[in-house]
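Here's the structure we're looking at; comments come further down.
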Amino acid sequence: MRQFLRHIALAWLVLPGDAGAHDWYTGKTDPVLHYDCCGGKDCHPINSNDVRMTKDGYFVRMPRPAYLNESQEPEWFIPRERVQTSPDDQYHICERLMTFYRTIIPHLKFEAYYRFRWTCFFAPPGTGSIQSD
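Next up, the structure:
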């Protein structure tokens, strides 16, 4: 019996706990650029207090203020045509860490830096700026 309980505990630790929450993002693409929204754990719900709707789209406060030593924009603008409907009453965003390069000494040396960029944005049903399908 004790061996059986160990196997159950091990299976519980090994199996991913949030796989069901991630499933609905799978296969989603940006409606304009056609990039895949999710590549692992890139997508997550965000607090509605971090979202501000305008007639042209949404301003979303960054989930993190900075990465490493590179400061980030305080908000991302998501144009209306790139907003998709979420399956629940929450906002969701997909973001990826991307590598960029800048010139340190013109034409001689480049330095890599990293920034998060959003790839997909989902708003709750009934939100005014979502285009109907």
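Taking mature numbering (1 follows the signal peptide of the UniProt record, and there is no 0), I'd label the letters of the sequence shown as residues -21 to -1, 1 to 112.
Don't be surprised by glycine CBs; every beta carbon is placed ideally from N, CA and C.
Residue i - partner residues in DSSP beta bridges
i	result
lysine 34	Beta-bridge pairing links lysine 34 to no other residue.
leucine 76	Phe95
proline 53	Per DSSP, none; premise fails for proline 53.
histidine 71	Pro24, Phe101
Other residues of its chain near residue i: CB distance less than 7 Å, five sequence neighbours each side excluded
i	result
valine 11	Glu60, Arg61
glutamate 54	Phe38, Val39, Arg40, Met41
aspartate 29	Val39, Arg40
aspartate 35	Pro58, Arg59
Take every Cβ of the region 50 to 67, pair it with every Cβ of the region 3 to 19, and state whether three or more of those distances are shorter than 8 Å.
The way I'd put it, the region 50 to 67 does touch the region 3 to 19; three or more beta-carbon pairs between them come closer than 8 Å.
Should the region 19 to 30 be regarded as contacting the region 70 to 77, the criterion being three or more beta carbon pairs within less than 8 Å?
Output reads yes: the region 70 to 77 touches the region 19 to 30.
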